Amino acid sequence: MSAMSPRADVAVSLIQVAKSYGDVEVLQPFDLQVAEGEFVVLLGPSGCGKSTILKMIAGLEEVSHGEIHVAGELVNYVRPRDRDVAMVFQNYALYPHMSVRDNIAFPLTMSRRPRLKRGVIEARTVTAADIVDLTPYLDRKPAQLSGGQRQRVALARAIIRQPAVFLMDEPLSNLDALLRADMRTSLLEVHARIKKATLYVTHDQIEAMTMADRVVVLNAGRIQQIGRPRDLYTAPANTFVAQFIGSPRMPLHDLEVRDDGILHFADVTLTGDADVPLAPGASVTVGLRPSALRTTSSASACFVGEAKRRDYLGSDSYLEVDLGEGLSVVVRAEADAEVRPGDTVRVDADPGAIHVFDEAGARICGASVCRRER
Amino acid sequence: MTAMHTTEHKKRGAVASKDRARSGLPRSRPAISLSYVILFVGVAIALVPFLYVVSTSFKESTSLFSYPPDWIPSPIFWGNFESLFADHPFAQWTFNTLFVSGAVTALKLWFDSMAGYALAKMEFAGRRGVALLLLLSVAIPISALIIPMFFVVRYLGLLNTYWALILPPLANPLGIFMARSFIVGIPDDLEASARLDGASEFTIYRKIVLPLIRPGLVVLGMFTFMLQYTSFIWPLIAVQDSDRQVLAVGISGLQSAFLQDWGLLSAGMLAAAIPITVVFLLVQRAFVFNDLSGALKE
Ligand SMILES: Nc1ncnc2c1ncn2[C@@H]1O[C@H](COP(=O)(O)OP(=O)(O)OP(=O)(O)O)[C@@H](O)[C@H]1O
Ligand SMILES: [Mg+2]
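Chains as they are written, first to last, in numbering that gives the first Met the number 0: chain A, 0 to 373; chain B, 0 to 297.
Pasting the structure below:
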């Protein structure tokens, strides 16, 4: 996917944007377009540059290179307040000495042109508070609120500005799991209601997969892949994405393609997609998606191996299966399946379970089991 | 028992953490008694000279040196205080001192907090240089500055004016460093958020930074006011006119080489202590800490 030229329905457009602090390159040049009303999630491990991207769009950090357009306008040299973006900070950044009401109204009281009448501000404050269900708490101070309520104050303070773009930096981290799921739903409801382009940062893949229209996967300052959640899962661009998305983690094995272009994996042979033949003699990495592998009793199973460790994850449990030759896979087992370590297990692979990557880690193709050898 | 207590405490979590200062292990009785004895001795050492001054100020000079000293003067003699206001411009001194100390404190808090904000939060060329220069100037002893300061003030034609008393103390950089250290503690995201919401630098300073460092500023203000209230050497040099003089210098002038009126002197000291005590009591309410809790995720 190459860079599109900024169009009218593109809310945010980053063109060859890069960031470095002195000699340290924090973000490599990248392109990213966010459409009007789109919910885009930036996903990556800690320190990969997610917050930095948001801060550059907000104008709180300068870009070292490239252009940022908001609503079709180049904003590189526009002051943060004139960029028409609102941000929910990683740590809320509420003003502790102000009431919830004053916190939410703050952006409006700062507005000079037009200077808003007190009645207008009050009305919009109440509306914003209502959207996030904070009306009963308007007169409290932030210290008197729970984590989830504080989070909603920060959200209301962004909503009240009616910006072209919302930037949200890990708004749900540090909340407990239950509240997190709740807030995820209510955030999406709010998004559905106001339909504004949103860039949402998280390092939680479940949050990304459940909320996003599109996900941007980042690692160490580089964009790894941009795509719909489903695409990241079924066609990970590289080994990083393959391992970062999906749980449990996909095991990887370094192998060599035989001279006849056939890849041997334990006692089976794998072939690539018909249109992408594997180069003879190439070193490749093979990954098998655990959730697409399952135990079976059928004699036509793909793999046969010895059961090792078993992890229960509620409805499913995952079983590590040793296929010999130092190769092992993780497969899904029915929770009530009676398998003990040492048992012989047969494993079936769904289509799309097997991915082949080149030496640099980029995906070459999917693969399917051709036949069992012995 | 103890275990139950602990869980009780944990349940109240947020509340308990606020008055954590109060909690602590109960100490044994002898330890408590001993600490009371030590405290009592300390208080006595601190208070006796003061009580002696109080007692002396209500005595006639003639009855001063009776031995053993009588702590409660009888009859109570008001003459020292009358003389203070009748024979000396004591009311004027008090006004001068309060005016100068108040002006210095107000201006210093304003300048220090603004300079502290700039040094703590703003990026500008030479920020480190400026900070270093200020830090160096803290190290210069005041006694080394007095003569040059005198010449500067005389050159400006400000000798014998309030300006001579107000301007020089403003240049003391210590307050800037204190203000800076308060402001450094405010999370950057708070200002970033305000900036994004349309606040100007000055608005951020006024609406976000100032309210948050208020407890620190109150302490700094009190400190500045006291220092100014008791300052002696510089007013002694910069002001000759008795009507422009401050309390510390005025009172010390009550004694001369030939006449030591201890009663009058004590009365002056006691009367001088009253305004600052009142100021302190008034300001005390502002010492209530409004901390940053609630600004960020815990
Ligand atoms: N002012 C700075 N000077 C130098 N390096 C910085 C500065 N600010 C951030 N960095 C570096 O930039 C990288 C990206 O930081 P950023 O805050 O964007 O990470 P993040 O993806 O948001 O991480 P997290 O999930 O922990 O919030 C980090 O490696 C960080 O050390
Ligand atoms: Mg971050």
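Beta carbons: idealized from backbone N, C-alpha and C, even for Gly.
Because the structure is a prediction, the values reported are computed rather than measured.
Starting from residue i, trace the beta strand (DSSP E) in both directions and tell me its first and last residue.
i: Ile-222/A; result: 221-226
i: Glu-319/A; result: 315-323
i: Asn-218/A; result: 213-218
i: Met-86/A; result: 84-87
i: His-202/A; result: No beta strand (DSSP E) contains His-202/A, which DSSP labels as neither H nor E.
i: Glu-255/A; result: 251-255
i: Asp-168/A; result: 164-168
i: Thr-270/A; result: 267-271
i: Val-39/A; result: 38-42
i: Gln-27/A; result: 23-34
i: Ser-12/A; result: 9-20
i: Ile-67/A; result: 64-69
Starting from the Cα of residue i, find the closest Cα among the options and give me that residue.
i: Val-328/A; options: Gly-220/A, Val-346/A, Glu-169/A; result: Val-346/A
i: Thr-294/A; options: Phe-264/A, Arg-331/A, Glu-324/A, Arg-151/A; result: Arg-331/A
i: Ile-71/B; options: Gly-184/B, Phe-57/B, Leu-83/B; result: Phe-57/B
i: Gln-283/B; options: Phe-98/B, Gly-215/B, Gly-249/B; result: Gly-215/B
i: Gly-58/A; options: Val-52/B, Ala-193/B, Gly-78/B; result: Ala-193/B
i: Leu-277/A; options: Gly-220/A, Ser-367/A, Ala-207/A, Gly-226/A; result: Ser-367/A
i: Gln-223/A; options: Ser-185/A, Ala-236/A, Asp-212/A; result: Ala-236/A
i: Arg-248/A; options: Leu-269/A, Leu-186/A, Gln-204/A; result: Gln-204/A
i: Trp-162/B; options: Arg-179/B, Asp-188/B, Pro-234/B, Ala-270/B; result: Pro-234/B
i: Pro-302/B; options: Gln-227/B, Leu-189/B, Met-225/B; result: Because chain B spans 0 through 297 in this model, residue 302/B falls outside it and cannot be assessed.
i: Ala-359/A; options: Asp-349/A, Asn-75/A, Ala-281/A; result: Ala-281/A
i: Met-167/A; options: Asp-175/A, Arg-156/A, Leu-177/A, Tyr-20/A; result: Arg-156/A
i: Thr-284/A; options: Arg-227/A, Ala-128/A, Leu-251/A; result: Leu-251/A
i: Lys-18/A; options: Asn-75/A, Ala-306/A, Cys-364/A, Ile-244/A; result: Asn-75/A
i: Phe-302/A; options: Phe-105/A, Ala-348/A, Thr-209/A, Leu-107/A; result: Ala-348/A
i: Val-208/B; options: Met-113/B, Ile-37/B, Val-99/B, Ser-82/B; result: Met-113/B
i: Leu-169/B; options: Thr-223/B, Ile-185/B, Phe-150/B, Tyr-204/B; result: Thr-223/B
i: Ile-145/B; options: Gly-128/B, Pro-167/B, Gly-78/B, Ser-136/B; result: Pro-167/B
i: Leu-326/A; options: Asp-310/A, Ala-298/A, Asp-266/A; result: Asp-266/A
i: Val-164/A; options: Asp-321/A, Pro-350/A, Asp-181/A, Ala-70/A; result: Ala-70/A
Within 10 angstroms of the Cβ of residue i, are there 16 or more other Cβ atoms? Answer buried if so, exposed if not.
i: Asn-95/B; result: buried
i: Trp-92/B; result: buried
i: His-64/A; result: exposed
i: Ile-75/B; result: exposed
i: Val-42/B; result: exposed
i: Phe-29/A; result: buried
i: Gln-239/B; result: exposed
i: Pro-279/A; result: exposed
i: Val-152/A; result: buried
i: Arg-80/A; result: buried
i: Leu-46/B; result: exposed
i: Ile-44/B; result: exposed
i: Ile-225/A; result: buried
i: Ala-20/B; result: Per-residue confidence for Ala-20/B stands at a pLDDT of 43, beneath the threshold of 50, marking its modelled position as unreliable; the derived number appears in the next sentence. Ala-20/B should be labelled exposed.
i: Glu-169/A; result: buried
i: Ser-100/B; result: buried
i: Phe-39/B; result: exposed
i: Ser-73/B; result: exposed
i: Ser-12/A; result: buried
i: Lys-54/A; result: buried
i: Gln-15/A; result: exposed
Quick one: give me the first and last residue of the alpha helix (DSSP H) that residue i is part of.
i: Val-125/A; result: 117-130
i: Asp-188/B; result: 187-195
i: His-49/A; result: Note that residue 49/A is Lys in the sequence shown, not His. First-last of the alpha helix (DSSP H) with Lys-49/A: 49-57.
i: Leu-155/B; result: Element bounds for Leu-155/B: n/a, residue is neither H nor E.
i: Gln-150/A; result: 146-158
i: Leu-134/B; result: 126-137
i: Leu-235/B; result: 232-237
| field | Interface positions of the segment 206-226 of chain B facing chain A (Cβ-Cβ less than 9 Å), listed along the chain | value | Within the segment 206-226 of chain B, contact with chain A at the beta-carbon level (separation under 9 Å) is assigned to Lys-206, Ile-207, Pro-210, Leu-211, Arg-213.
| query | Where in the segment 50-123 of chain B do unbroken runs of the alpha helix (DSSP H), each at least 4 residues long, occur, reported from the N-terminal end onward? | reply | Runs found: 78-85, 89-120.
| said: Counting only Cβ-Cβ distances shorter than 8 Å, please list the residues of the segment 244-258 of chain A near chain B, keeping chain order. | reply: If the cut-off is 8 Å between Cβ atoms, the segment 244-258 of chain A has nothing near chain B.
| query | What residues from the segment 174-198 of chain B come within 8 Å of chain A, judged by C-beta to C-beta, listed N to C? | reply | Taking 8 Å as the Cβ-Cβ cut-off against chain A, the residues of the segment 174-198 of chain B that qualify are Pro-186, Asp-188, Leu-189, Ala-191, Ser-192, Ala-193, Arg-194, Leu-195, Asp-196, Gly-197, Ala-198.
| Which runs of the beta strand (DSSP E) spanning at least 3 residues fall entirely within the segment 276-309 of chain A, listed in chain order? | You should have 282-287, 292-295.
| request: Report the residues of the segment 90-106 of chain A with a CB closer than 9 Å to any CB of chain B, ordered along the chain. | output: Residues Asn-90, Tyr-91, Ala-92, Leu-93, Tyr-94, Pro-95, His-96, Met-97, Phe-105, Pro-106.
| task | Would you list, in sequence order, the uninterrupted alpha helix (DSSP H) runs of no fewer than 4 residues that lie entirely inside the segment 325-367 of chain A? | result | Correct list: empty.
| If you measure beta-carbon to beta-carbon, which residues of the segment 48-82 of chain A are closer than 9 Å to chain B? | Contact residues of the segment 48-82 of chain A toward chain B are Lys-54, Ala-57, Gly-58, Leu-59, Arg-78, Pro-79, Arg-80, Asp-81, Arg-82 (C-beta to C-beta distance below 9 Å).
| query | Which residues, in order along the segment 104-128 of chain A, keep a beta-carbon less than 7 Å from a beta-carbon of chain B? | reply | Answer set for the segment 104-128 of chain A: Phe-105, Pro-106, Met-109, Ser-110.
| request: Mind checking the segment 167-199 of chain A against chain B and listing, in chain order, the residues whose C-beta falls within less than 8 Å of any C-beta there? | output: Cβ contacts with chain B: Ser-172, Asn-173.
| Which residues, in order along the segment 249-280 of chain B, keep a beta-carbon less than 7 Å from a beta-carbon of chain A? | Contact annotation: in the segment 249-280 of chain B, no residue has its CB less than 7 Å from a CB in chain A.
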